[in-house]
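Its first residue numbered 1, the sequence shown is counted upward by one per residue in UniProt numbering.
Cβ coordinates follow ideal geometry from the N, Cα and C atoms, glycine included.
Quantities reported herein were computed from a predicted structural model and do not represent experimental measurements.
Data block below; observations after.
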Amino acid sequence: MSTRSSTGSALFMRPYTNPFKMTQPSEMFGYKEAKVLREREARSSLLSMSLVQRTNLLQPKIPPCKSQQTTISRSTNHSSNVSTMSRREGKEARSQRITEFIQSKREVYMTQLLIDMKTQEINRLKKEESDNEKEFADDESEISKTGEKYKYLTTKIEEELGKARKAAELATLEHVTLQQKQKRQKLANDIMRSEISKNEETLEYYKTYQEFIDKFNDEHLMDSPDNLINEFTQIENENLFLIRECDYFQKAINGTKIPTENIIKEVNSSLAQLEEIVSKRDLTSHSKVTPKPEISEENTVAEIKRLAELIHKTFYNCFKIDSDIPPIAKLEKIENTMEDMYKALELVSPKFIAEKQAKFDKDRRELMRIEQQKEKERIQQEKKEQALERANKPIKRNTGRHLMERSLPLHYQKTNNEALLRQIAEQQAMEKFLFGPALE
Numbered sequence: 001m002s003t004r005s006s007t008g009s010a011l012f013m014r015p016y017t018n019p020f021k022m023t024q025p026s027e028m029f030g031y032k033e034a035k036v037l038r039e040r041e042a043r044s045s046l047l048s049m050s051l052v053q054r055t056n057l058l059q060p061k062i063p064p065c066k067s068q069q070t071t072i073s074r075s076t077n078h079s080s081n082v083s084t085m086s087r088r089e090g091k092e093a094r095s096q097r098i099t100e101f102i103q104s105k106r107e108v109y110m111t112q113l114l115i116d117m118k119t120q121e122i123n124r125l126k127k128e129e130s131d132n133e134k135e136f137a138d139d140e141s142e143i144s145k146t147g148e149k150y151k152y153l154t155t156k157i158e159e160e161l162g163k164a165r166k167a168a169e170l171a172t173l174e175h176v177t178l179q180q181k182q183k184r185q186k187l188a189n190d191i192m193r194s195e196i197s198k199n200e201e202t203l204e205y206y207k208t209y210q211e212f213i214d215k216f217n218d219e220h221l222m223d224s225p226d227n228l229i230n231e232f233t234q235i236e237n238e239n240l241f242l243i244r245e246c247d248y249f250q251k252a253i254n255g256t257k258i259p260t261e262n263i264i265k266e267v268n269s270s271l272a273q274l275e276e277i278v279s280k281r282d283l284t285s286h287s288k289v290t291p292k293p294e295i296s297e298e299n300t301v302a303e304i305k306r307l308a309e310l311i312h313k314t315f316y317n318c319f320k321i322d323s324d325i326p327p328i329a330k331l332e333k334i335e336n337t338m339e340d341m342y343k344a345l346e347l348v349s350p351k352f353i354a355e356k357q358a359k360f361d362k363d364r365r366e367l368m369r370i371e372q373q374k375e376k377e378r379i380q381q382e383k384k385e386q387a388l389e390r391a392n393k394p395i396k397r398n399t400g401r402h403l404m405e406r407s408l409p410l411h412y413q414k415t416n417n418e419a420l421l422r423q424i425a426e427q428q429a430m431e432k433f434l435f436g437p438a439l440e
């Protein structure tokens, strides 16, 4: 122990220097650097020491103990001075024994202190170990409980997931079934609409035939061609008579100098002739119903030609060939072909028909969309050009005095109601005279 304290104190022992001796100015910086280095080394050595070594440094300086062999050697060497130094040696021996006893007690105390410190550290570590083991056991039990809980929740979630999957499959199957049903219903509706539209077109197309036939529904007119020719001749003569009378009276109104009495006589004779013609026509009429509008032979031929041309165009659009067969034969061929096509369509899958119809509708909508887009672009371009033209047009500025245009004053004329009524009455009388009461 003494050797330790001596070595520890030797580290901090400094050589004796004269405090009143001043260093040379040239060595002042070197002295300061050496002093800093010495202090740094002493600090580093102090930090590297253990707790026991630091405790020993704090103890007071005790001179080292001398061994028994040294005392014996000294007693033998100084045997000549035993008589004179006996007292002194006794005192030194007692002080040496006391010093050794104190040193040994100090070492025992320090050792016991170190043992107690280590024991306390060991107990602390044991306590921490037991606490850690307890915490580890608690954590392990908690983890096991949490794991069981998670397993239970996982199984429950899997069961719910299985139920949800089954419900989703059933819902999907039902959705697909309803979708297929909807598609079939939609296809049936589309077919019915197409048939209705086709029937409406056919009805509109055959209405022209019905109107043409209704014009000649009189049974007596269709007995022979002479009846139609006589009817047309009679109507033509009546029209010629009316035209001659109109020309005559028009000349009379325009300034011909015919006496009033002669005019009255001629009018009376004309009225008599007209009454006779009307009575004859009433007797010779074949039906009591009002006559239908007359159709000339030229209009009939033109209508027949138009119908024949329409039938020819339809035949060419259907078969893409030109043929010289009569229009009735063309219509029969078109009808037979349509019936065969309808029979063939009944054997085709509705899904295939729906796909084709959807494709045609899609192409038609795409074409309409492109046309609408082009129309919008054209309108937009026109608007842009108009806006650009308006922007580039010079601004019209009114300069000078504002000119007032010349205008005529308004003249208010009062209408003569009596003269107007008289003129209307004369016109009605003339129409009645020319066309008769039956043709009003």
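- Between C246 and L434 a beta carbon distance of about 6 angstroms is seen, short of the 8 angstroms cut, so the two are scored as contacting.
- In the structure shown, G400 falls within a coil segment according to DSSP collapsed to helix, strand and coil.
- Here K305 is exposed, its C-beta having fewer than 16 other C-beta atoms within 10 Å.
- C-alpha of E142 to C-alpha of E148: approximately 10 angstroms in a straight line.
- With a 10 Å radius around the Cβ and a threshold of 16 neighbouring Cβ atoms, K383 comes out exposed.
- For E346, the enclosing alpha helix (DSSP H) covers residues 327–347.
- Here K313 is exposed: its Cβ has fewer than 16 other Cβ atoms, across all protein chains shown, within 10 Å.
- Here DSSP, grouped into helix, strand and coil, assigns R390 to helix.
- Ranked by Cα distance from L242, the first of M430, R38, Y316 is M430.
- With fewer than three CB-CB distances shorter than 8 angstroms, the stretch 353–370 does not count as touching the stretch 195–212.
- Separation of I191 and R378 (C-alpha to C-alpha, rounded to the nearest whole angstrom) is 37 angstroms.
- In the DSSP assignment, K432 falls within the alpha helix (DSSP H) that extends over 417–435.
- DSSP places L170 in the helix class (H, G or I) of the three-state scheme.
- Across the structure, K126 and F136 are spaced so that their CA atoms are roughly 15 angstroms apart.
- Looking from the CA of T202, the closest CA among L347, D340, E335 belongs to E335.
- Within the model, the alpha-carbon separation for L240 versus E231 is close to 14 angstroms.
- By the neighbour-count criterion, in which a residue is buried when 16 or more other Cβ atoms sit within 10 angstroms of its Cβ, F315 is buried.
- Measuring C-alpha to C-alpha distances from Y209 to each of K145, T154, T300 identifies T300 as the nearest.
- Put simply, the backbone Cα of G162 is about 12 angstroms away from that of L170.
- K330 is classed as buried because its beta carbon has at least 16 other beta carbons within 10 Å across all chains shown.
- In terms of Cβ geometry, P327 and I311 form a close pair [threshold 9 angstroms].
- Under the three-state reduction of DSSP, E201 is assigned to helix.
- Counting of Cβ neighbours within 10 angstroms places N398 among the exposed residues, the total staying below 16.
- The alpha-carbon separation between T111 and R43 amounts to approximately 26 angstroms.
- By the C-beta density criterion, N56 is buried, having at least 16 other C-beta atoms within 10 angstroms.
- Secondary structure at R406: coil, using DSSP grouped into helix, strand and coil.
- If you draw a straight line from the Cα of N227 to the Cα of I321, it comes to about 41 angstroms.
- Between R165 and P350, the C-beta gap is not smaller than 9 angstroms, which leaves the two residues out of contact.
- In this structure, L307 is the residue among S45, K181, L307, D340 with its C-alpha nearest to the C-alpha of K207.
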